[in-house]
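Here my numbering runs 3 ahead of the position in the sequence shown, where the first position is 1.
Glycine included, C-beta positions come from ideal geometry on N, C-alpha and C.
See structure below.
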Amino acid sequence: MMGIRECLFENEPAATGPRGSRLAAFAGNQRVILIFRIVLAAVFIYAALQKIGKPLMFADEIRMYQVLDRGPLLYVVAIVLPWMELCCGISLLAGLFMRGAALVLAVLNAVFLAMITWRTIGVMSAGGTPLMKVYFDCGCGFGATYAWKKLIEDSLFILMAAAIYFSPAFAFTLAPRRKG
4 MMGIRECLFE
14 NEPAATGPRG
24 SRLAAFAGNQ
34 RVILIFRIVL
44 AAVFIYAALQ
54 KIGKPLMFAD
64 EIRMYQVLDR
74 GPLLYVVAIV
84 LPWMELCCGI
94 SLLAGLFMRG
104 AALVLAVLNA
114 VFLAMITWRT
124 IGVMSAGGTP
134 LMKVYFDCGC
144 GFGATYAWKK
154 LIEDSLFILM
164 AAAIYFSPAF
174 AFTLAPRRKG
């Protein structure tokens, strides 16, 4: 189990499981990790910037999931969530606190995946719409899309964040190298 110290100080090795595992080898490829960092950073910085200036509109989009109704918690989430996405994106891009940012993004995407699944099932059961035809604006900042595409996309984001989290080291960071 990784502690807070390992999450904050990026150049320390992460627990990667068995040495021969494919995930450990894949997560150790710094070019792939750098691409994942850039992709996740770009997606979440863009998404955050689409929502930061429009908290009431974002609150309405959150309300469509019928998990949070009116009230202070809905508005706190609508205000705080885009800033979390922005901070995580900047962190991944700059190479600071990357394990923490990757963990936060993995958890957020797991929640997004669950909520999109919940809403998709609701649309399918209400109108008898098949999965491949469920189309709505999920509130992510990229506009309306097919639900199956968002489900795949969020799953890929979780995998990218996990690869970053379990990477044994990072290249191209602003964090100073630690002497072992």
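Residue span of the alpha helix (DSSP H) that contains residue i, given as start and end
i: D63; result: 58–66
i: S94; result: 75–97
i: F47; result: 33–55
i: T123; result: 101–130
Residues that residue i bridges to, as DSSP identifies them
i: A147; result: D140
Nearest to residue i (by Cα), restricted to the options the options
i: I93; options: V79, M67, F115, L108; result: L108
i: N112; options: G74, L43, Q69; result: L43
i: F115; options: L99, L177, R73, L154; result: L154
i: A105; options: L177, R40, V35, V79; result: R40
i: A164; options: V110, L77, A81, N32; result: V110
i: I55; options: Y78, L134, F169; result: Y78
i: L37; options: L95, L162, Q53; result: L95
i: L144; options: P75, R102, P85, F100; result: According to the sequence as given, residue 144 is Gly; it is not Leu. With distances taken between Cα atoms, G144 lies closest to P85.
Test: residue i CB closer than 8 Å to a CB of chain B
i: L111; result: Judged by its chain identifiers, the structure shown contains no chain B, having just a single protein chain.
Proximity of residue i and residue j at Cβ, strictly below 8 Å
i: F47; j: G142; result: no
i: R59; j: I65; result: Reading off the sequence, residue 59 comes out as Leu, not Arg. Against a cut-off of 8 Å, the Cβ pair of I65 and L59 comes out as no contact.
i: F160; j: G98; result: no
i: A129; j: L89; result: no
i: Y68; j: M127; result: no
i: A150; j: T123; result: yes
Cβ-based burial, residue i [other Cβ within 10 Å; buried from 16]
i: L157; result: The sequence shown places Asp at residue 157, not Leu. That one is buried.
i: L134; result: exposed
i: R34; result: exposed
i: R73; result: exposed
i: G169; result: Note that residue 169 is Phe in the sequence shown, not Gly. F169 comes out buried.
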